[in-house]
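Just below is one structure, and these are the notes that go with it.
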Amino acid sequence: MQLPPHRFHIPVMGLAYTIDSPVKVAHFGITSAISIIEDNLVEMMRKYYYEQKNEPYIPISDKEEDYRARRITDYLNLVNRIVNEKFTKLKLSLFEAGSDLVKYFEMLPENHELKNAYLSMLQAKNKVTRETIMKFLREQMQPGAIEVNIMTKVDKNNYTREGKLLEDSSDALTALKGYAKSSLTNSSVIFSAGLNPRLYSYLEKFNEFDARGWGKFDKKVVIKVSDYRSALIQGKFLAKKGIWVSEFRIESGLNCGGHAFATEGLLLGPILEEFKSKKDELANSLFEVYKPALEAQGKKTYQMPHPIKLTVQGGIGTHEEDEFLHRYYGMDSTGWGSPFLLCPEATTVDEKTLQQLCNAGEQDVVLSKNSPLGVRFNYLKGTSSEEEKLNRIKKGYPGSPCTEKYLVSNTEFTKEPICTASRQYQKFKIRELETSNLPEKERQKQIDEVLSKECLCIGLSNAASLEYNLPLVKNLHAVTICPGPNVVNFKRIATLREMTDHIYGRSKALVNENRPHMFIRELELYVNYIQEQVNECFMPDAKTIRYLTNFCKNLIAGIGYYRELIVPANPGNSREAFEESLDREENRLAHTLEDILALSN
């Protein structure tokens, strides 16, 4: 099987930030993911790229039948066509200094078979030999994959104008349908944020996800998970329906961008160790369910499990860390997300926000409670979205105008779900809290949490409008961005070549050498998290005490694991510094356990 061009991928980021990343990087062999849930943004980008190509743009109105799925299908087809055209043009260009063809091969990882062949071509003295190798190189080139991401929790029902529920027309289902009907091949749909039975069951309706042969899928299923148990549960759920999971994308619970799903103190290193030791067991367990499901459906079966890729993302910042994840844990690819926010050749970030990212310190990237979904959210402070929110609160009109309604979920005060970041909800909830019998400290804490909620549908979309000078959705200007904590170690705008050189160890100019190792940083974030949970406890019951205690014990076990692990030192950080950090966090946990004991008395 031919090796993919690169050993890393660019994960989905926000809504706008990777909305057109494949157009920018796929012809160089780099894989990236598009969020397809916000169809108004998708429609705006359809118009933009049709105009860029001087082709007629035919709007798909929200009054038309099945408009969401149709918008998504057409945008993905358009992106696919642009990528193929750019890739064909690149292949036909000359091997001359400064050309994109040369850039393609020079950015490849060291020791890749095509990189070695390219270097041999450069050294060849004989013209016939050189031309033979050039022909081989052009034939073996591959574009990066165009992936899509569907956040499973974003799945509100949709209705006719008469109020009748539209069958199979919820937000996530129509996004999946739009992807399934697209022309993409060698592609994947990534499901993030946990198991959605309705969405996963809907996959059965599309034969586009069936295998064409052993290990051969035009459209693959990828699940983003935070631990092995989640992979096994979700993988079996799909296997029972005859759906094979081709990749489990393991993500750090807290050391990541966007929504953060904290594990119960399980750290990334031990989680990867479990995947490493149980990879064959996982494949065989899924195959035991998958094969009978195919037989029951009358579909072609296979004698052995399809391959399963294991990939990882969340906080990777140096070549040494990246290499260790590949070499020791056997990861097939690594996700580099937040650092690419500082690479305009790969992502779409407006100029003001880009400068804020460059200047961000540790105090500026916080694990907030700003998401209306009730899930913690890594978030850059000081954005225009936060400024607008604080100004509305100051004027006595908290909450956002809810125009997109993708995150409506709350029915405390209304029959139909509304968004917790909306003016309507915050008005009701604050009034309720102000008349409650809660102690003043607890009442204010809950009011502050209500006021922290922020409109993400608009905030995560607007960067594309601002960067490309396009009409803003509903004329709203606010920008929200959700980098991981690792972004503070990257202090300047980088080219695509500089980023790949950094990842593959050809340059060390991008990162702050004093940054802690990714495993240490994640541990610090988890200790901060559990301390916050303990400090915010208000008359905890026995179940809560057990949860807090087990959380700390899992962290202590993780520290023990890291003491035995031979982790290569990062530039500027010795093994001794790694051990000292483990000691420090273990001492912090000892104090936290004492606080938990005090709460239980």
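Number 262 in full-length UniProt numbering belongs to position 262 of the sequence shown; there are no gaps in the numbering. We put the CB at the ideal spot given by N, CA and C, even for glycine. All figures in this text were calculated on a predicted structure; none of them were measured in a lab.
- The C-alpha of residue 144 is placed about 19 Å away from the C-alpha of residue 191.
- Excluding sequence positions up to five before and after residue 568, its CB lies within less than 7 Å of the CB of 320, 324, all in the same chain and listed in chain order.
- Counting other Cβ atoms within 10 Å of its Cβ, residue 389 reaches 16 or more and is therefore classed as buried.
- According to the DSSP assignment, residue 231 belongs to the alpha helix (DSSP H) that extends over 228-239.
- Here residue 164 has no same chain residue with a Cβ atom under 7 Å from its own Cβ, once five neighbours each way along the sequence are excluded.
- One Cα belongs to residue 423, the other to residue 444, and the distance between them is close to 18 Å.
- Only exposed fits residue 355, as fewer than 16 other CB atoms lie within 10 angstroms of its CB.
- Classified as exposed, residue 509 has fewer than 16 neighbouring CB atoms from the shown chains inside 10 Å of its CB.
- Annotation: residue 195 to residue 98 spans about 47 Å, alpha carbon to alpha carbon.
- In the structure shown, the three-state DSSP call for residue 530 is helix.
- Sequence-distant partners of residue 225 (beyond 5 residues in either direction) whose C-beta falls short of 8 Å from its own C-beta, in its chain, are 231, 234, 248, 249, 250, 251.
- Looking only at 82, 77, 364, the smallest Cα-Cα distance to residue 25 is reached by 82.
- Residue 214 is classed as exposed because its beta carbon has fewer than 16 other beta carbons within 10 Å across all chains shown.
- Ranking 601, 228, 308 by CA distance to the CA of residue 220 puts 308 first.
- Judged by beta-carbon spacing, residue 548 lies within the 8 Å limit of residue 596, meaning their Cβ atoms are closer than that value.
- Burial check for residue 546: the Cβ neighbour count within 10 Å stays below 16, so the residue is exposed.
- For residue 269, no beta strand (DSSP E) run applies; the uninterrupted alpha helix (DSSP H) run containing it begins and ends at 268-296, by DSSP.
- Here DSSP, grouped into helix, strand and coil, assigns residue 123 to helix.
- Looking at the DSSP output, residue 308 sits in no beta bridge, so it has no partner there.
- Counting along the chain, residue 333 sits inside the beta strand (DSSP E) bounded by residues 333-335.
- Burial check for residue 55: the Cβ neighbour count within 10 Å stays below 16, so the residue is exposed.
- A straight-line Cα-Cα distance of about 45 Å links residue 267 and residue 89.
- The Cβ atoms of residue 402 and residue 499 lie no closer than 8 Å to each other.
- Taking 3 residues as the minimum length, the beta strand (DSSP E) runs contained wholly in the region 123-200 are 146-151, 187-192, in order along the chain.
- When secondary structure is reduced to three states using DSSP, residue 317 falls in the coil class, being assigned neither helix nor strand.
- Between the region 355-367 and the region 33-43 there are fewer than three C-beta pairs closer than 8 Å, too few to call the two in contact.
- Counting of Cβ neighbours within 10 angstroms places residue 386 among the buried residues, the total reaching 16 or more.
- Straight-line measurement puts the Cα of residue 28 at about 32 Å from the Cα of residue 377.
- Boundaries of the alpha helix (DSSP H) around residue 79: 67-92.
- Rounded to the nearest whole angstrom, the CA to CA distance from residue 586 to residue 564 is 15 Å.
- Taken through DSSP and simplified to helix, strand or coil, residue 500 comes out as helix.
- Residue pairing of residue 376 in beta bridges, as defined by DSSP: absent, with no partner found.
- Ranking 490, 419, 394, 256 by CA distance to the CA of residue 156 puts 419 first.
- Cβ atoms of residue 293 and residue 240 come within 8 Å of each other, at about 6 Å.
- Along the region 512-586, the beta strand (DSSP E) does not occur as any fully enclosed run of 3 or more residues.
- Within the region 391-439, the complete alpha helix (DSSP H) segments of 4 residues or longer fall at 423-434, listed in chain order.
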